[in-house]
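What follows is a short report on a single structure.
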Ligand SMILES: Nc1ncnc2c1ncn2[C@@H]1O[C@H](COP(=O)(O)OP(=O)(O)OP(=O)(O)O)[C@@H](O)[C@H]1O
Ligand SMILES: [Mg+2]
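Chains as they are written, first to last, in the UniProt record's numbering: chain A, 1 to 273; chain B, 1 to 368.
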C-alpha cells in the first residue's frame, strides 16, 4: 500500500452519528475467508463508496449489512444499538434497501410485482385486505419515469426488459424503500450514459434527504462524482478510508488495483484506463 | 428534459392484439382443452352426457381431483411438488375414521383434528425440504410410501387386522356438520327449479338431480379463493416470487420459508378435505384411498398452465384441468370407445400441455 498518510483521515465528522456501524466483521464460506475484519460505517446524508478488486469481498460485506449473510464474528450497530439482522426482511423493515449485484428480480413476474415484492401496498381491512395493484402500478411507472425510463407497461414481465432497464427497476425499488440506508452494489454496470447520470444524481438527491448511501463501483469517475468517503477493500480486509478532496482519482485507482499492476498496464494502453 | 421523458405515448409499443393478451393468461391452454374435449364428446358421446345429471356425473370426480389439483398448482407455483398427497388422502381418511368410529368424536372435533394432523405432516414435509435443500420431489416421494404404509399399519391397528375401516356413515349420522361434507347441497333450489319446470323431474315431480354434490361447491369455492389469493393479495405475490427465484425473493424481503411451509400444509389439508368428503360418502375408509392421485393432481396443475420450474401458473387453470380430467374419465363410458383409452388420452394431454406451456412461457417472458 502506498505510504500515503492522507489515506487514514477518513474518520466520521465528530457531529455525525453513523446510522449503521459494522465493527470487525468476518465471514467465512467453508474454508474461504471472504471477510477478515472489516470495519465500516455510514452516516446520514453521506455517500460512502466501497471500492476494491473483483473478489475483494464487497458484495459479501454489503450482504452482511442487509441481512443476507450472518457474519461469523464482529458487531453491527444500527443507530447506536447492537443489532443482528436475521433476514433481509428485517433489514428492510429497519429501513435498509439494497440493489444486489444480481438484482434479485424475478423474470417471470411483472415490473410492478417485482417492484413491490415483499412490501405490497394494500387496501381494505381484515379479510378484504388486498394487494392495491392500481396504486402499485402508478407508483412503479412514476418511479421509473424519475429514473429516466419510460416503461411500456407496468405489467410487462421483467424477463422482457433490457439489462439496463432491469437494473433501473432494482435501483428505483431500492430508492423508493431505502428510508435510512441505500446500498447499491455496482448499480451502473449495465447503464447507458443518461441513466448513469440519472442514478448518480439520484444518489445525490437521496443523500440530501438524509439517507446514508453505500455505493459500490469499479468506476473511479462515478465514485469520485458522488462519494464523500471512500473505503478500499482488498482480499477481505480494509486498506483504509479516505475523504473526498483529500485523494485524487489516480491515487484511488492505484489503491483499488492493489497498487502495482495498473502501472504496468498503463504503458501498453497509453494511459487510457 | 423532464417534459420529454413524460411523453406518454411510446412509439415503441405496438398495440397489443386480443390474441397476445390472451396468450399471457396461463389458464388459456386449459380453457382451450375444455372446449376441445367438450366438442369431442358432443360428437362422439351419448347425448345424456351433457344433461344436468350427466354433468354432475363428471363434475363429481373432477371436483374431488380438482381440490387436490388446485392445491398442487399453488404449491407448484411456489416452486415445489408434493408427491405424498395421494397417500395423504388415505392417511387422513384413516385418522378421520379412527376419530369418528373408534373414538366416537363429533365432526366438529374430528374434522379440525384430521386437518391438524394433515397440516402437521405438511409442515414436516416442508421443513425437511427447506432444511436439507433437497428437491421436494424426492422428499415427498419418501412421504408417498411412508404415509401409504402408515395408513395400512394404522388401519390394521384400529380395526384389529382389517385394511378397511367401516361404520363411518353410522358414526356421523345425524351430525349437523355432515351436510357440509356429504350429500347434495342446494336441494331447495333444485326442488324449486323442478316445480318451475326448468329441470327434468321424475314422474312423481321430484327432480332427477336432487342437488349439487357438496364437493362441487367446495371445488368452485376453493378455485375462487385460490385465484383471489394468487392474483390479488400480497401472499399471492410472495408465492409467485418464491417459485420464480427463491433466493431473489428472500433477498427482496419475501418470507420464503413461511410461504413454502404454508403451501405444503395447504396441499396436505386439501388432501384431508378430500379424505373427509369421500370417506363420509363411502361410509368407510381403506388403505387404497387416493391411490395415484398425486400424479393426477400434478397433471391437472400442468394442464392448468403451471410450469414445472415454478413461478408461473394459475388456480383457475387447474380448475379447468380437473374438469378435463373428469370429462375424459367419465365421458368415455358414454361413448363406444374402450375405457382403457383413458390413460392414453391423459398422457397425450399432459405432453401437449407441457409443450404448449413451454412455448407460451417463452412468448410471455421474452426468454432469451
Ligand atoms: N456463497 C459463497 N460461497 C463461497 N465463497 C463465496 C461465496 N460468496 C462469496 N464467496 C467468495 O468470497 C470472495 C468475495 O466475494 P465477493 O462477491 O464479495 O467479491 P466482490 O468484491 O463483490 O467482487 P466483484 O467486484 O467481482 O463483485 C470471493 O473469493 C468469492 O469466491
Ligand atoms: Mg460483487
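Note that CB positions come from ideal geometry on N, CA and C, so glycine has one too.
Identify the continuous alpha helix (DSSP H) that holds residue i and give its terminal residues.
i, result
"residue 22 of chain A", "Careful: residue 22 of chain A lies outside any alpha helix (DSSP H), inside the beta strand (DSSP E) at 20-29."
"residue 237 of chain B", "234-244"
"residue 201 of chain A", "193-208"
"residue 262 of chain B", "256-282"
"residue 111 of chain A", "111-115"
"residue 320 of chain B", "315-331"
"residue 89 of chain A", "88-93"
"residue 54 of chain A", "Premise fails: residue 54 of chain A is in no alpha helix (DSSP H) and is neither H nor E."
Using only CA atoms, which one of the options lies nearest to residue i?
i, options, result
"residue 74 of chain B", "B:362, B:335 and B:242", "B:242"
"residue 287 of chain B", "B:333, B:144 and B:321", "B:144"
"residue 104 of chain A", "B:175, B:194, B:254 and B:148", "B:254"
"residue 64 of chain B", "B:163, B:289 and B:356", "B:289"
"residue 240 of chain A", "A:26, A:38, A:31 and A:34", "A:38"
"residue 183 of chain A", "A:66, A:93, A:232 and A:229", "A:66"
"residue 295 of chain B", "B:322, B:216 and B:340", "B:322"
"residue 34 of chain B", "B:173, B:292, B:59 and B:240", "B:59"
"residue 152 of chain B", "B:215, B:224, B:165 and B:140", "B:165"
"residue 89 of chain A", "B:249, B:320 and B:78", "B:249"
"residue 69 of chain A", "A:42, A:47, A:34 and A:127", "A:34"
"residue 27 of chain A", "A:59, A:51 and A:151", "A:59"
"residue 244 of chain B", "B:69, B:91, B:78 and B:229", "B:78"
"residue 146 of chain B", "B:88, B:278, B:343 and B:189", "B:88"
"residue 252 of chain A", "A:236, A:94 and A:217", "A:217"
"residue 101 of chain A", "A:215, A:140 and A:235", "A:215"
"residue 299 of chain B", "B:118, B:319 and B:225", "B:319"
"residue 325 of chain B", "B:25, B:26 and B:36", "B:36"
Around the Cβ of residue i, are there at least 16 other Cβ atoms within 10 angstroms (buried) or fewer (exposed)?
i, result
"residue 378 of chain B", "Outside the shown range of chain B, which is 1 to 368, sits residue 378 of chain B, and nothing can be said about it."
"residue 138 of chain A", "exposed"
"residue 63 of chain A", "buried"
"residue 42 of chain B", "exposed"
"residue 251 of chain B", "buried"
"residue 368 of chain B", "Interpretation of residue 368 of chain B is limited by its pLDDT of 46, a score under 50 that renders its predicted location unreliable; the figure taken from the coordinates is listed afterwards. It counts as exposed."
"residue 170 of chain B", "exposed"
"residue 343 of chain B", "exposed"
"residue 121 of chain A", "exposed"
"residue 197 of chain B", "exposed"
"residue 236 of chain B", "buried"
"residue 29 of chain A", "exposed"
"residue 176 of chain B", "exposed"
If I measure Cβ to Cβ from residue i and keep anything under 7 Å in the same chain, skipping five residues before and after, which residues do I get?
i, result
"residue 191 of chain B", "207"
"residue 307 of chain B", "313, 357 and 361"
"residue 257 of chain B", "130"
"residue 276 of chain B", "96, 111, 114 and 181"
"residue 177 of chain A", "92, 97 and 119"
"residue 85 of chain A", "67 and 91"
"residue 104 of chain B", "171"
"residue 331 of chain B", "41, 45, 49 and 58"
Under 6 Å Cβ to Cβ from residue i, same chain only, skipping five residues before and after it: list those, please.
i, result
"residue 136 of chain B", "80, 81 and 129"
"residue 219 of chain B", "63, 66 and 67"
"residue 83 of chain B", "140, 141, 144 and 294"
"residue 16 of chain A", "43"
"residue 6 of chain A", "Its pLDDT being 43, under 50, residue 6 of chain A is placed unreliably in this model, and the value from its coordinates should be taken loosely. Correct list, in chain order: 246."
"residue 283 of chain B", "168 and 169"
Grab the span of the beta strand (DSSP E) containing residue i for me, first residue to last.
i, result
"residue 75 of chain A", "73-78"
"residue 167 of chain A", "Run containing residue 167 of chain A: none in the beta strand (DSSP E); it sits in the alpha helix (DSSP H), 163-177."
"residue 164 of chain B", "164-166"
"residue 184 of chain A", "181-185"
"residue 99 of chain A", "96-99"
"residue 41 of chain A", "32-42"
"residue 275 of chain A", "Examination of residue 275 of chain A is not possible in this model, given that chain A is present from 1 through 273 alone."
If I measure Cβ to Cβ from residue i and keep anything under 8 Å in the same chain, skipping five residues before and after, which residues do I get?
i, result
"residue 249 of chain A", "220, 221 and 224"
"residue 156 of chain A", "110 and 111"
Using a Cβ cut-off of 8 Å, which residues of the stretch 199-214 of chain A contact any Cβ in chain B, in chain order?
none
Near-chain A residues of the stretch 289-321 of chain B - C-beta to any C-beta below 7 Å:
311 and 312
Quick one: which residues of the stretch 53-76 of chain A get their C-beta closer than 7 Å to a C-beta of chain B? List them in chain order.
68
Please list, in chain order, the residues of the stretch 88-99 of chain A that have any C-beta partner in chain B closer than 7 Å.
88, 89 and 92
Could you run through the stretch 235-252 of chain B and flag, in chain order, every residue whose CB is less than 8 Å away from some CB of chain A?
236, 237, 238, 240, 241, 244, 245, 247, 248, 249, 250, 251 and 252
Mind listing which residues of the stretch 217-236 of chain A have their C-beta closer than 7 Å to chain B's C-betas, in chain order?
none
Listed in chain order, which residues of the stretch 98-131 of chain B have Cβ atoms closer than 9 Å to some Cβ of chain A?
none
When you check each C-beta in the stretch 123-142 of chain A against every C-beta of chain B, which residues fall closer than 8 Å?
129, 130, 131 and 133
Mind checking the stretch 218-235 of chain B against chain A and listing, in chain order, the residues whose C-beta falls within less than 7 Å of any C-beta there?
232, 233 and 234
Contact residues within the stretch 24-53 of chain B, judged by C-beta distance below 8 Å to chain A
none
Members of the stretch 101-117 of chain A near chain B, C-beta cut-off 9 Å
102, 103, 104, 105, 106, 107, 108, 109, 113, 114, 116 and 117
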